[in-house]
Structures are given as C-alpha cells and as structure tokens.
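**Q**
What follows is the structure, encoded as structure tokens:
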C-alpha cells in the first residue's frame, strides 16, 4: 500500500522509529526500504538499546547510525537531552567534565559531528521558551570548527574518566550479555542494567538511573 503511495507521489519518503534492540533496527535498515530512521544514540548511550550486542560484537546503536548514513538514510536522534542522560539536569561530574560547554551543547555537537555520530537531526523537548537557548547556541557552535575541536577534547575528558573509573570492566562489562529478547529471565534487559550501573558509578547519574530503569 505504502509503495503504491510512493509511486503515485502521494508520499515522498518513508522512515521508521524504534526503541527496539540493535539487531532488529539493523535488520530494518538493511531492507533498504526507508529514507530515514529515528533511534536513540548519544555519547552516554542508546537508552533501550544500550548494553545490547549485535552479532558483530558492537554494542548499542552507534553502528546502526553509521550503517544508515552509509546507505544515504537520514538519521534523527530521539531525546538526546532526556533519555540521553537527563543532561538538562546534569550531575556535578558531567558539568565539570564539560568545562566551558554546557552538557546540552556537548551532547548536541557530539550527535552532529561527523567524527562522532554524524546524525542529521536531534529532537528537542522544551518546558519553556528559554529552553531553546542552548539548542540555538549549539547550532551556532556547530558552524565553527574550533568549537567542534573543543567538543572533541571534552569528549576525551569523558573517555578518560570512564576508563579510569571502570578499568578492565570498561571493555569487558558486556561480554556474554544476552539480548533481552533472547534472555531466559523473561526478557529482562540485562545489558541495559549494566549500562545504567556504569553511568551511575562513572558520572554520578543516580537520578537518571532511577528514571531509566522504569523502561526495563
């Protein structure tokens, strides 16, 4: 039916949005039937998809973003300020690591930067008009190469803390994790639980962890 609408010119583009596991999202992308995809992917993780392994060994949605871009699909990042770490209400650790960038600016630039996710669009949720201010400042800084270089250096701050706090666990924590839809424990998202545990221990995201675990 939809293919017919496209041929008629009634519909120009069709995309999909998913909170599913990375392997399901990858299969959808590989059908090559969609012009764009809406998924979770930020510096701090991929929300529902965090901790879930792909057959390649990759974790989360970052590789799905790269795959979609390689197939000339548009990529929209869902809720980078809320589901991406509740950074509109950042922890002191996150604020310190960001130095002169706000956490929202850091997250925005990371999502857009072609050396990071290279996404096309991010969604913005607001409670008041002033909530647009940091979104606008992020867009302005995205046009400035020096601001992007600065964001990349700030990313190094986060990477270093992750490695220092977790040690070997940083690379081994998802070994042998079973995707939640294949888990014998009634679909419990074990990988997502590990991911939230790490965010809490490394960046102090206890309040975010309490909120995110309701999605499990």
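Residue numbers (our numbering): 8 to 223. For every residue, glycine included, the Cβ atom is placed at its ideal position computed from N, Cα and C.
1. On the DSSP bridge assignment, give the partners of residue 46 in chain order.
2. Look at residue 44 and residue 58 and say whether their C-beta atoms are less than 8 Å apart.
3. So which of 14, 93 and 83 has the shortest CA-CA distance to residue 214?
4. Per DSSP, which residues does residue 28 bridge with? Please list them.
5. Quick check for students: name the residue ranges of the beta strand (DSSP E) that lie wholly in the segment 116-190, counting only runs of 3 or more.
6. Tell me the residue span of the alpha helix (DSSP H) that contains residue 19.
7. Ordered along the chain, which non-local residues of its own chain (more than five positions away) have a Cβ less than 8 Å from that of residue 211?
8. Please go through the same chain and pick out, in chain order, the residues whose beta-carbon is closer than 7 Å to the beta-carbon of residue 75, but skip the five residues on each side of it.
9. Using CA atoms only, rank isn't needed, just tell me which of 156, 24 and 33 is closest to residue 78.
10. Quick check on the burial criterion: 16 or more other C-beta atoms within 10 angstroms. Buried or exposed for residue 179?
11. Whose C-beta lies closer than 8 Å to the C-beta of residue 91 among residues of the same chain, with five residues either side of it excluded?
12. For residue 28, count neighbouring C-beta atoms within 10 Å of its own C-beta (all shown protein chains included) and say buried if the count is 16 or more, exposed if not.
13. Can you give the Cα-Cα distance for residue 73 and residue 124, rounded to whole angstroms?
14. Which of the three DSSP states is assigned to residue 11 in this structure?
15. Span of the alpha helix (DSSP H) holding residue 199?
16. Where are the alpha helix (DSSP H) runs, 4 residues long or more, that stay fully inside the segment 56-115, in chain order?
**A** The structure says:
1. Taking the first residue of the chain shown as position 1, residue 46 is located at position 39. Note: residue 46 sits in a beta bridge opposite 84.
2. Position 37 of the chain shown holds residue 44. Position 51 of the chain shown holds residue 58. Not closer than 8 Å, so no.
3. Translated into positions along the chain shown, residue 214 becomes position 207. Closest by C-alpha distance to residue 214, out of 14, 93 and 83, is 93.
4. Counting from one through the chain shown, the residue named residue 28 turns up at place 21. Answer by DSSP bridge pairing: none, since residue 28 is not bridged.
5. Within the segment 116-190, no complete beta strand (DSSP E) run reaches 3 residues.
6. Position 12 of the chain shown holds residue 19. The continuous stretches of alpha helix (DSSP H) do not include residue 19, and DSSP gives it neither H nor E.
7. Taking the first residue of the chain shown as position 1, residue 211 is located at position 204. So the list reads 98, 99, 100 and 101, once near-sequence residues are dropped.
8. The sequence position of residue 75 within the chain shown is 68, counting from 1. So the qualifying residues of the chain are 36, 44 and 82.
9. Working through the chain shown from its first residue, we reach residue 78 at position 71. Of the candidates 156, 24 and 33, the one whose C-alpha sits nearest the C-alpha of residue 78 is 33.
10. Residue 179 sits at position 172 when you count from the first residue of the chain shown. Per the 10 Å Cβ criterion, exposed.
11. By 1-based counting over the chain shown, the position of residue 91 is 84. Once the five neighbours on either side are set aside, the close Cβ partners of residue 91 are 47, 49, 50, 51, 52, 54, 84 and 114.
12. Translated into the one-based positions of the chain shown, residue 28 becomes position 21. Label assigned to residue 28: buried.
13. The residue labelled residue 73 in the question sits at position 66 within the chain shown. The residue labelled residue 124 in the question sits at position 117 within the chain shown. If I take the Cα positions, the gap works out to 7 Å.
14. Here residue 11 refers to the residue found at position 4 of the chain shown. Residue 11 falls in the helix class under three-state DSSP.
15. For the purposes of this step, residue 199 is taken as residue 192 along the chain shown, with counting starting at 1. Its alpha helix (DSSP H) spans residues 197-210.
16. Counting only runs of at least 4 residues, the segment 56-115 fully encloses the following alpha helix (DSSP H) elements, listed from N- to C-terminal order: 69-77 and 99-105.
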